[in-house]
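Residues in the sequence shown are numbered consecutively from 60, following the numbering used here.
Quick reminder that beta carbons are idealized off the backbone N, C-alpha and C, glycines included.
Contents: one structure, followed by commentary.
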Amino acid sequence: MNDNSVKDKKSIEPLVSISCITFNHGPYLRQALDSFVNQKTSFPIEILVHDDCSTDDTVSILREYEEKYPDIMRVMYEEENQYSKGISNISGVFNFPRARGKYIAMCEGDDFWSDMEKLEKQAMYMEAHPECALCCHAAGIVAMDGAFRTGSELKPFAGTRVLSAEEVISKKENIPTASLMFRAEHAKTLPQWYFDCPVGDIPLQLYMISKGNAYYFDEVMSMYRMGREGSWGDSMDAEKAKAVAVKKWEQHFEAMKKLYEAFDEDNGGRFRTAVNEAVARSRFLIDLKEDKTKAVLDPANEKFLKELPRTEGRLLKLKAKHRWLYELIRKTYIKVKRR
């Protein structure tokens, strides 16, 4: 039974705090908020939203939901965009410290939860397993226009089960952010390397796995919204666009390498093998973006190459060994597709 409409909720400590960050999510925000308030739980919840100075109708939507759900909605509105001021991990700076719940569940304003018993399943598991610091699940993929991408799912692990620390540290596919639930007590003692990282989900996962184990539900309980935000080609020539992209990729790799090294040092090297593998995989994927064919043929990267879809892996090998043949096949495919 969902008791989230009870009027004296402010006097009741929530078991779960939902952390949502928004910035110009107007077209998608109602779907996210509805998936929060319609959760079927046997416990109280609160919804923590941080709006980073949106310029669309995000603010008006949030005020509408505040008025409709005054006992569970707690919104923080910024007058200046904090991300542009260098604060990249908004959740950790603004939402986690004010969470009253025992657990925190994450979902950004352009994603949403598809299973109305998601919070109940995760929280009840964590209540029964105090050794569990992090809980996650599979996700579906939806396009920016709302169309579902059938057959496309984010399943970073196989089968519902307890995960080893090594699996969480070095994984071939990212854990969906909207699937994460973790203990709030740990979210309030985050290390500096969490705040230094340009992304928030991976350092959060690393820190949580150092505090306990993780559990994975092999069920699609949330939706990840995937789409393009634009093309470099719209504003600059291809050569300049590639140079800008390479610079960004290299900066990202260096930041992630620094993150893993700091995590490894904090944990006395006990996860060193998994950390080194995670860094090597990151380097390989960046090399693919930069079209460095040597990375594909390097025996040290064979494991990472096999993690890619089979057809993609074969095409990459063909490209590395016989680029002329690869280009011929690619051009032929494009011509046939356009007919």
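Inset, instruction - Pick out whichever of 104, 199, 130, 362 has its Cα sitting closest to the Cα of residue 280. - result: Position 221 of the sequence shown, counted from the start, is the residue given in the question as residue 280. The candidate whose alpha carbon is nearest that of residue 280 is 199.
Legend entry - Backbone CA spacing between residue 92 and residue 115 [nearest angstrom]: Taking the first residue of the sequence shown as position 1, residue 92 is located at position 33. Taking the first residue of the sequence shown as position 1, residue 115 is located at position 56. If I take the Cα positions, the gap works out to 17 Å.
Inset, instruction - Please classify residue 219: is it buried, with 16 or more other beta-carbons within 10 angstroms of its beta-carbon, or exposed? - result: If you number the sequence shown from 1, residue 219 lands on position 160. Exposed is the call here.
Inset, instruction - Determine the burial state of residue 197: buried for a count of at least 16 other Cβ atoms within 10 Å of its Cβ, exposed for fewer. - result: By one-based count along the sequence shown, residue 197 stands at place 138. With 16 or more Cβ atoms within 10 Å of its Cβ, residue 197 is classed as buried.
Inset, instruction - Determine contact between the stretch 167 to 184 and the stretch 84 to 100, defined as no fewer than three beta-carbon pairs at a distance below 8 Å. - result: yes
Legend entry - Buried versus exposed call for residue 387 [16 or more other C-beta atoms within 10 Å across all chains shown]: By 1-based counting over the sequence shown, the position of residue 387 is 328. Answer is exposed; the Cβ neighbour count stays below 16.
Inset, instruction - With a threshold of 16 other CB atoms inside 10 Å of the CB of residue 265, please say whether the residue is buried or exposed. - result: Numbered from its first residue, the sequence shown carries residue 265 at position 206. Flag for residue 265 reads buried.
Legend entry - Extent of the continuous beta strand (DSSP E) to which residue 359 belongs: Position 300 of the sequence shown, counting from 1, holds the residue named residue 359. First-last for residue 359: undefined, no H or E at that position.
Inset, instruction - Could you tell me if residue 292 is buried or exposed, where buried requires 16 or more neighbouring beta carbons within 10 angstroms of its beta carbon? - result: The residue labelled residue 292 in the question sits at position 233 within the sequence shown. Residue confidence is low: residue 292 scores 36 on pLDDT, short of 50, so the model does not pin down where it sits. No coordinate-derived value is stated.
Inset, instruction - Closer than 7 Å by C-beta to residue 230: which residues in its own chain qualify, once you throw out the five before and the five after it? Chain order, please. - result: Counting from 1 along the sequence shown, the entry for residue 230 is found at position 171. Here the set comprises 215.
Inset, instruction - Find out if the Cβ-Cβ distance for the pair residue 153, residue 132 is shorter than 8 Å. - result: Residue 153 sits at position 94 when you count from the first residue of the sequence shown. Residue 132 sits at position 73 when you count from the first residue of the sequence shown. At least 8 Å separates the beta-carbon of residue 153 from that of residue 132.
Legend entry - Sequence ranges, alpha helix (DSSP H) only - wholly within the stretch 175 to 228, length at least 4: The qualifying runs are 177 to 187, 224 to 228.
Inset, instruction - For the alpha helix (DSSP H) holding residue 258, just list the boundary residues, first then last. - result: One-based indexing of the sequence shown puts residue 258 at position 199. Taken as a continuous stretch (DSSP letters only), residue 258 belongs to no alpha helix (DSSP H), as it is neither H nor E.
Legend entry - Chain-order list of residues whose beta-carbon lies under 7 Å from that of residue 203 (same chain, five-residue window excluded): Translated into positions along the sequence shown, residue 203 becomes position 144. 284, 286, listed in sequence order.
Legend entry - Bridge-paired residues (DSSP) for residue 172: The residue given as residue 172 occupies position 113 in the sequence shown. Looking at the DSSP assignment, residue 172 forms a beta bridge with 281.
Legend entry - Neighbour flag for residue 223 against chain D, beta carbons, 8 Å: The chain inventory of the structure shown lacks chain D, comprising one protein chain alone.
Inset, instruction - Evaluate the contact criterion for the stretch 332 to 349 versus the stretch 222 to 239: three or more CB pairs, one atom per stretch, below 8 Å. - result: yes
Legend entry - Identified DSSP bridge partners for residue 132: Along the sequence shown, one-based indexing puts residue 132 at 73. According to DSSP, which records beta bridges pairwise, residue 132 is partnered with 106.
Inset, instruction - With DSSP as the reference, label residue 139 as helix, strand or coil. - result: Taking the first residue of the sequence shown as 1, we reach residue 139 at position 80. Residue state, collapsed to three classes: coil.
Legend entry - the stretch 347 to 357 contacting the stretch 326 to 336, beta-carbon criterion three pairs below 8 Å: In short, these stretches do not touch, since the Cβ pair count stays below three.
Inset, instruction - Name the one or two DSSP bridge partners that residue 373 has. - result: Numbered from 1 along the sequence shown, position 314 holds the residue referred to as residue 373. In the DSSP assignment, no residue is bridged to residue 373.
Legend entry - Close-in-space but distant-in-sequence residues of the same chain around residue 221 (CB under 6 Å, 5 per side omitted): Start at 1 with the first residue of the sequence shown, and residue 221 comes out as number 162. Within the same chain, residue 221 has close Cβ partners 272, 274.
Legend entry - Residues that DSSP places opposite residue 79 in a beta bridge: One-based indexing of the sequence shown puts residue 79 at position 20. Bridge partners of residue 79: 108.
Legend entry - C-alpha gap between residue 318 and residue 244, whole angstroms: Indexing the sequence shown from 1 puts residue 318 at position 259. Indexing the sequence shown from 1 puts residue 244 at position 185. Answer to the nearest angstrom: the Cα atoms are 22 Å apart.
Legend entry - N- and C-terminal bounds of the alpha helix (DSSP H) containing residue 95: Along the sequence shown, read from residue 1 onward, the residue named residue 95 stands at position 36. Unbroken alpha helix (DSSP H) run through residue 95: 85 to 96.
Legend entry - residue 157: first and last residue of the uninterrupted alpha helix (DSSP H) it sits in: Position 98 of the sequence shown, counted from the first residue, corresponds to residue 157. No alpha helix (DSSP H) holds residue 157; DSSP gives it neither H nor E.
Inset, instruction - Run the CB neighbour count on residue 192, radius 10 Å, all protein chains shown included, and call it buried at 16 or more, exposed below. - result: Mapped onto the sequence shown, residue 192 falls at position 133. Buried is the call here.
Inset, instruction - Mark residue 69 as exposed unless 16 or more other C-beta atoms lie within 10 angstroms of its C-beta, in which case mark it buried. - result: Here residue 69 is taken as the residue at index 10 of the sequence shown, counted from 1. The pLDDT assigned to residue 69 is 48, lower than 50, so where the model puts this residue is not dependable, and the model offers no usable value.
Legend entry - For residue 190 and residue 124, the rounded distance between their alpha carbons: By 1-based counting over the sequence shown, the position of residue 124 is 65. By 1-based counting over the sequence shown, the position of residue 190 is 131. In this structure, the CA atom of residue 124 is about 35 Å from the CA atom of residue 190.
Inset, instruction - Using 10 angstroms around the beta-carbon of residue 158, count the other beta-carbons present and answer buried if the total reaches 16, otherwise exposed. - result: Residue numbering aside, residue 158 sits at position 99 when the sequence shown is read from its first letter. When all chains shown are included, residue 158 counts as buried.
Inset, instruction - Could you spell out where the beta strand (DSSP E) holding residue 330 opens and where it closes? - result: Counting from 1 along the sequence shown, the entry for residue 330 is found at position 271. It is not in any beta strand (DSSP E) - residue 330 carries neither H nor E in the DSSP assignment.
Inset, instruction - For residue 335, name the three-state secondary structure that DSSP assigns. - result: Taking the first residue of the sequence shown as 1, we reach residue 335 at position 276. Helix.
Inset, instruction - Can you give me the Cβ contacts of residue 52 inside the same chain, cut-off strictly under 8 Å, excluding the 5 residues immediately before and after it? - result: This structure leaves residue 52 out entirely; the chain is present only between 60 and 398.
Inset, instruction - Within its chain, find whatever has a CB closer than 6 Å to the CB of residue 236; leave out the 5 residues flanking it on each side and keep chain order. - result: As a working mapping, residue 236 is identified with position 177 in the sequence shown. Excluding residues within five positions, the ones whose Cβ falls inside 6 Å are 165, 260.
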